[in-house]
């Protein structure tokens, strides 16, 4: 009865601010937040898994995503292929679902949602491995330019960014990694690399944070775009290519 008396004025107060309020029990409310992020992450991992099949078969993942997205039951949002999802919420909420499933003795459910995280890790490592293979299986002492370190555009947030995994892999191969991101702070970038297990000495010797994109590309052996910043789309890539060492990738 107390909860009923509380809910009536609460609804009245918020009716002017919100068109609709969903009234749920506590478990439904908690799960709704977890499931929303899990479903979005699932879509990203799904299209990334299809990108691997497309590369093996010669299909174009962009064309496949466009075709699938025309189905109104599916829609086109979150069907852009990427290096992998990041941010503070997706992986955390997925693992919370895994924990809940295991707690309630639902191992098959736990395995299903854990596979979304596993696919994300697979995509990141697949991309990093592809960079090395493309460069004749050796990036030792080579300059690799990285455009973008934030986990998505329009933010300086580096938490769980896929770029950290790529940089870690390149540093492990003794590459000289030059990074430019228009919003990421140096301390945040360094701390994220440390969080991913990159030693301080390796960061000092192999990672160089620049304040201009042309400094990243100049005399680089390869250029890798990891965040979809709008400014990156406006660059003159013919000029950038001309400034790189050849063969350039």
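In the numbering used here, the protein residues as written are 180 to 428.
Just so you know, even glycine gets a beta-carbon here, dropped at the ideal spot from N, CA and C.
{"query": "Exposed unless 16 or more other CB atoms sit within 10 angstroms - verdict on residue 237", "result": "exposed"}
{"query": "Distance between residue 347 and residue 301 (C-alpha atoms, nearest Å)", "result": "15 angstroms"}
{"query": "Residue 408 vs residue 336 beta-carbon contact at 9 angstroms", "result": "no"}
{"query": "Alpha-carbon spacing of residue 363 relative to residue 283, whole angstroms", "result": "40 angstroms"}
{"query": "8 angstroms contact criterion, which residue 431 and residue 396 should meet: CB distance rounded", "result": "Outside the shown range of the chain, which is 180 to 428, sits residue 431, and nothing can be said about it."}
{"query": "Contact check, residue 387 vs residue 321, beta carbons under 9 angstroms", "result": "no"}
{"query": "Residue 246 beta carbon near the ligand HEM (any heavy atom closer than 8 angstroms)", "result": "No copy of the ligand HEM occurs in the structure displayed, which carries no ligand at all."}
{"query": "Nonlocal neighbours in the same chain, by C-beta distance under 8 angstroms from residue 374, ignoring five residues either side", "result": "343"}
{"query": "Close-in-space but distant-in-sequence residues of the same chain around residue 270 (CB under 7 angstroms, 5 per side omitted)", "result": "296, 339"}
{"query": "Residue interval of the beta strand (DSSP E) (run including residue 128)", "result": "This structure gives no information on residue 128, because the portion of the chain shown stretches from 180 to 428."}
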